[in-house]
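Participant:
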Amino acid sequence: MERVLMKGNEALAEGAILAGCRGFFGYPITPSSEIAEYMARKMPKIGGVFVQAESELAAINMVYGGASTGARVMTASSSPGLSLKQEGISFIAEAELPCLIVNISRGGPGLGGIQPAQSDYFQATRGGGHGDYHTIVLAPSGSQEMMDFAMEAFELADKYRIPVMIMAEGTLGNIMEPIIMREPVSKFIEKPWATTGCKDRKPNIVNTLHLGNEELENRNHQLFNKYQIINENEKRADTFLVEDAELVVVAFGIMSRIVKKAVVEARKQGVKAGLVRPVTLWPFPDEHIRTAAKNARLFLSVEISMGQMIQDIQLALAGSVPVEFYGRIGFTPNPEEILQEILRLAEREGL
Amino acid sequence: MGHVTIFSGAFGSGKTEIALNFALERAGQSKYNKVLLADLDTANPYFVARDARDMLEAKGEKISIIAPVRELAQADVPNLPVEIIGLLRTDNEMVIDLAGDKFGALVLGYISGHIRARENYDMYLVINPFRPFSSSLDEVMELSNLLERAGKIKFTGIISNPNLVEETTADLIKEGHRRVVGFATKLKIPVAYLAVESKHYQELYPEYGSSLKQIKLFLRPDWIRGF
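If you read the protein sequences in the order shown, they are chains A and B.
Numbering-wise, the first sequence is residues 14 to 364 according to our numbering.
Numbering-wise, the second sequence is residues 1141 to 1367 according to our numbering.
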């Protein structure tokens, strides 16, 4: 087993290559640029395509074109860049094209800063662009998962013909961890819908315009039937010490690892704390939340934002258990900071 | 003029941690009031020497960090501390943390005339052979040529830094170091030392003796360990 030391961004890029991605279109932006740099170095050597597009809009529309041909293609950016890509993502979602879109997220709004954040949660999980649509959103928590989820993302994208997003904090993109290199993917799903040249067959058409009233509504129903299937099959979460937990902390991404340490410490101090870590942000693992609520007196959502995922937790619990919030912006809080918040809430609630 | 020590190396080679450790070591021995640690890594503002500024100041270390002003410490622009040329032309002891890519080469091209004028300098190439783009001779050679040509300065030594951070073992260090020694032989650059985290020092000392140097990691968050 070959082990290497990789930044999260490098691991993600290599994972995409191992998954057979041979088209990268992007415009560099901190803290995601190592993905573009890695692709720029590697793609020409393996028969792939790397294009530094003239803008984020151009890049996402190159992904739209590339995905139409059935090729495994991707783009990567960071928060303000993702805002620019939203129109294209809406088109890709409607056209039901598989691709990978990566957000190595930083603090906003506006230009914000290059420091880590999770405040694009709403943008990622509510569609982000215009119209009724979803993308599957995966939130890795370490370098190994950056590689593994990139590979998984292409499988999910092909299986459901849907754009898949990976959202990871800037910290995760830039921190180095040892990883095990995976084997390259060799089996691919057939794509009879792809625009591969129509000699001896009818043309395949990729189009997102539906002028008829009924046609438009039917189209939306078709998409939502698919989203319903994804909802039933693809919700993922890790749980830790939730069986008897009275205080359940919810955190995703690299934040979940920090919270896990705080939960272990809280247990040592007699507080029955547990952790739910959503792996898919959409579909949101609401059943895991409800299962973890069995003995819970209080939930705590820890995010690097002003409070976004907390709304999905509240929706899942439907008022049955109160949900508190703790957040920072531009900082990755340490376990001690989270522990203090857990202990403060436990004391207040008499847990 | 006092000594200038430049640490360069590929992205994520560990050069910043090694430069920090070296500056701390020199701070205890230097005849100058403070050792200057110049953070000229313009590539990306995550995990850079300037992050250690508060820690060093709080501990009262005899180190002065030369970095972009605080307001610009997180600015994502090619951002050099304005006083760098003036300081290079002043008598002092300086440690320089330099990016090991084409941006580092650009910075080196800008300052190298002043470094050559001082004569009294070392330029080290930090290599971790377990990093992407540092695992083959071709890749390491490409990097060293890029910097040497840009700066018209020859590397005076290679610092071997084989590690997989928390998963490093003594055997892994030995295997990685053998590879680095192989690169060094081909590049005709001597290995200055083998850097290992303190916890491996005792075990490896009998084999490597004085070519071994123990380092402490300052920029890696504690919470990353043990998962």
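Glycine residues also receive a C-beta, built at the ideal position from the N, C-alpha and C atoms.
Below 8 Å on the Cβ atoms is my guess for Arg-85/A versus Ala-32/A; work out the distance and round it to an integer in Å.
Facilitator: For the purposes of this step, residue 85/A is taken as residue 72 along the first sequence, with counting starting at 1. For the purposes of this step, residue 32/A is taken as residue 19 along the first sequence, with counting starting at 1. Yes, they are in contact, since the Cβ atoms of Arg-85/A and Ala-32/A sit about 6 Å apart, within 8 Å.
Participant: Figure out for me which residue from Val-1266/B, Asp-1362/B, Met-1281/B and Ile-1146/B has the closest Cα to the Cα of Ser-1252/B.
Facilitator: Reading the second sequence from its first residue, position 112 is the one you call residue 1252/B. Among Val-1266/B, Asp-1362/B, Met-1281/B and Ile-1146/B, the Cα nearest to that of Ser-1252/B is on Ile-1146/B.
Participant: Under the DSSP definition of a beta bridge, which residues are partnered with Met-1234/B?
Facilitator: Here residue 1234/B refers to the residue found at position 94 of the second sequence. In the DSSP output, where bridge partners are listed per residue, Met-1234/B has Val-1144/B and Leu-1176/B.
Participant: Counting Cβ pairs, one atom from each stretch, are 3 or more of them under 8 Å apart for the stretch 257-277 of chain A and the stretch 345-359 of chain A?
Facilitator: Taking 8 Å as the limit for Cβ pairs, the verdict is that the stretch 345-359 of chain A does touch the stretch 257-277 of chain A.
Participant: Kindly list the residues whose CB is nearer than 7 Å to the CB of Ala-258/A, restricted to its own chain and excluding five residues on each side of it in sequence; keep chain order.
Facilitator: Residue 258/A sits at position 245 when you count from the first residue of the first sequence. So the list reads Lys-285, Ala-286, Gly-287, Ala-305, Asn-308 and Ala-309, once near-sequence residues are dropped.
Participant: Just to confirm before moving on: does the CB-CB distance between Gly-36/A and Gly-79/A stay below 8 Å?
Facilitator: The sequence position of residue 36/A within the first sequence is 23, counting from 1. The sequence position of residue 79/A within the first sequence is 66, counting from 1. Remark: C-beta atoms of Gly-36/A and Gly-79/A approach each other more closely than 8 Å.
Participant: Closer than 7 Å by C-beta to Glu-1157/B: which residues in its own chain qualify, once you throw out the five before and the five after it? Chain order, please.
Facilitator: As a position in the second sequence, residue 1157/B is number 17, starting the count at 1. Counting only Cβ-Cβ distances below 7 Å, and skipping sequence neighbours, we find Ile-1355, Leu-1357, Phe-1358 and Leu-1359.
Participant: Among Leu-95/A, Glu-316/A, Ser-103/A and Ala-250/A, whose alpha-carbon lies nearest the alpha-carbon of Val-289/A?
Facilitator: In the first sequence, residue 289/A corresponds to position 276, counting from 1. The shortest C-alpha separation from Val-289/A is found at Ala-250/A.
Participant: Residues bridged to Phe-162/A by DSSP?
Facilitator: The residue you call residue 162/A lines up with position 149 of the first sequence. Per DSSP, none; premise fails for Phe-162/A.
Participant: Would you call the stretch 1241-1251 of chain B in contact with the stretch 1200-1217 of chain B, where contact means no fewer than 3 C-beta pairs closer than 8 Å?
Facilitator: no
Participant: Who are the near neighbours of Met-1195/B in its chain, counting only those whose CB is closer than 7 Å to its CB and skipping five residues on each side?
Facilitator: Looking up residue 1195/B in the second sequence gives position 55. Excluding residues within five positions, the ones whose Cβ falls inside 7 Å are Phe-1358.
Participant: Just reading off the beta strand (DSSP E) that Arg-16/A is part of, what are its end residues?
Facilitator: If you number the first sequence from 1, residue 16/A lands on position 3. 16-20 is the extent of the beta strand (DSSP E) around Arg-16/A.
Participant: Take Gly-123/A and list the residues in its own chain whose beta-carbon comes closer than 8 Å to its own, dropping the five residues that flank it on each side.
Facilitator: Position 110 of the first sequence holds residue 123/A. Cβ neighbours of Gly-123/A beyond the five flanking positions: Pro-93.
Participant: Hey, does Phe-1187/B have any beta-carbon neighbour from chain A nearer than 8 Å?
Facilitator: Counting from one through the second sequence, the residue named residue 1187/B turns up at place 47. So yes, Phe-1187/B belongs to the interface.
Participant: Given that Ile-1158/B touches chain E, what residues does it touch there, using C-beta distances under 9 Å?
Facilitator: The displayed structure is made up of protein chains A and B, and chain E is not among them.
Participant: Locate the alpha helix (DSSP H) running through Ser-1153/B, then write down its first and last residues.
Facilitator: Here residue 1153/B refers to the residue found at position 13 of the second sequence. Segment: none, Ser-1153/B is in no alpha helix (DSSP H) and carries neither H nor E.
Participant: With Leu-151/A and Ile-179/A assumed to form a contact (beta carbons below 8 Å), what rounded beta-carbon distance in angstroms separates them?
Facilitator: For this step, residue 151/A is matched to residue 138 along the first sequence. For this step, residue 179/A is matched to residue 166 along the first sequence. Rounded, the Cβ-Cβ distance is 5 Å, consistent with contact.
Participant: Specify, as a first and last residue, the run of the alpha helix (DSSP H) that Lys-274/A falls within.
Facilitator: Within the first sequence, the letter at position 261 stands for residue 274/A. Lys-274/A -> alpha helix (DSSP H) spans 267-281.
Participant: At a CB distance below 8 Å, what residues from the stretch 54-66 of chain A approach chain B? Give them in sequence order.
Facilitator: Arg-54
Participant: So does the stretch 196-216 of chain A actually touch the stretch 118-137 of chain A, counting three or more Cβ pairs closer than 8 Å?
Facilitator: no
Participant: For the stretch 40-49 of chain A against the stretch 167-175 of chain A, are there 3 or more C-beta pairs whose distance is under 8 Å?
Facilitator: no
Participant: Which residue from Leu-1227/B, Ala-1192/B and Phe-1295/B puts its Cα closest to that of Arg-1210/B?
Facilitator: Against the second sequence, residue 1210/B aligns to sequence position 70. Among Leu-1227/B, Ala-1192/B and Phe-1295/B, the Cα nearest to that of Arg-1210/B belongs to Ala-1192/B.
Participant: Taking 8 Å as the CB-CB cut-off, is Ile-1299/B touching chain A?
Facilitator: Residue mapping note: residue 1299/B aligns to position 159 of the second sequence, counting from 1. No, no contact with chain A.
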